[in-house]
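Here the structure is laid out as structure tokens; the discussion comes afterwards.
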Amino acid sequence: MRHLSKKLLLVAITSAMCSSTMASSHREAPFITGNPKVDATDFYMFRSYESGREGYVTLVANYNPLQDAYGGPNYFSMSPDALYEFHIDNNGDAVEDISFQFNFNNMLGDGGAGISLGINGKNIAVPLKNVGGVTSTDSSALNFKETYSITMVNGDRRTGKKTKVMNADNNSFSFAKPYDNVGDKTFGAQSYADYAKRFISNVTLSACPSGAQDGRVFVGQRKESFAVNLGDIFDL
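Remember, my numbering sits 560 above the position in the sequence shown when you count from 1.
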């Protein structure tokens with residue numbers, strides 16, 4: 561692709577969520593297994609196939625492979641110490657013309673103090689990431705929350721002009737990441753898909769060379785599209 565769509569750019573960072581029996585490991589590189597939060601397993605770029613959105617460009621990056629709902633209590637957060645980037649070359653010279661930088665922030669529940677439960681007459685801080693049901697409208701039982709910001713860079717990724725990407729839904733520069741799919745009891749009657757889709761945000765890309773454009777962004781778990789029987793494959 562030689563030119564970024566003038567109409568809209570949709571960007572997403574996803575983490576690979578797999579079933580326990582059929583999955584895709586993407587754990588082939590020995591060194592990166594020591595830091596799975598920055599293990600970039602796949603990248604996809606394509607023209608949107610939604611009806612009426614054929615002029616839109618979609619970028620998808622996968623991180624943190626081989627996730628299962630029983631992977632508690634820490635689960636699969638993004639790293640606040642890492643910089644996640646997309647680089648776009650518009651003229652084929654192998655130099656980035658536009659970059660999108662994602663920075664993450666983690667915070668405990670109860671306003672950052674962490675949730676405490678009354679146990680034997682005492683308030684005891686708990687190490688769990690949730691202490692009850694979670695919905696898109698009620699996250700009071702969530703003891704771990706992730707947010708992120710996006711910076712658009714025109715030119716060199718380090719020295720180019722940097723502009724914060726605005727969340728057009730609330731006119732802020734902060735975006736929320738959905739809690740990981742830890743199980744049916746946590747999300748109750750609401751399916752995880754219904755919960756997670758509430759975190760698709762509209763954005764304003766004010767620094768586009770062609771003028772301000774709108775877009776959408778999502779960061780969170782998505783089901784892996786490719787699967788093999790990992791247990792049998794590696795049981796030699």
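We put the beta carbon where it would ideally sit given N, CA and C, even for glycine.
- Contact annotation: E645 and R717 have beta-carbon atoms nearer than 9 Å.
- Assigned with DSSP and collapsed to three states, G594 falls in helix.
- A direct Cα-to-Cα measurement between R776 and G631 gives close to 29 Å.
- By the 16-neighbour rule on beta-carbons within 10 angstroms, F636 is buried.
- DSSP, reduced to helix, strand and coil, places Y644 within a strand of the structure shown.
- The stretch 609-686 contains, as complete beta strand (DSSP E) runs of 3+ residues, the segments 617-627, 644-648, 658-668, 676-679, 682-685 (chain order).
- Under the three-state reduction of DSSP, A600 is assigned to strand.
- In this structure, A772 is the residue among G693, T695, A772 with its C-alpha nearest to the C-alpha of A728.
- Within the DSSP secondary-structure output, L702 pairs in a beta bridge with N690.
- Remark: three or more beta-carbon pairs, one from each stretch, lie closer than 8 Å, so the stretch 690-699 and the stretch 741-748 are flagged as touching.
- DSSP places L765 in the uninterrupted beta strand (DSSP E) bounded by 761-765.
- Residue nearest to V620 within the set S611, M605, D628, L626 is M605 (criterion: CA-CA distance).
- In the three-state reduction of the DSSP assignment, T707 falls in the strand class.
- Bounds of the alpha helix (DSSP H) holding F794 are 790-794.
- About 15 Å separates the CB atoms of A767 and T719; that is not less than 8 Å, and the two are not in contact.
- DSSP places D754 inside the alpha helix (DSSP H), whose first and last residues are 752-757.
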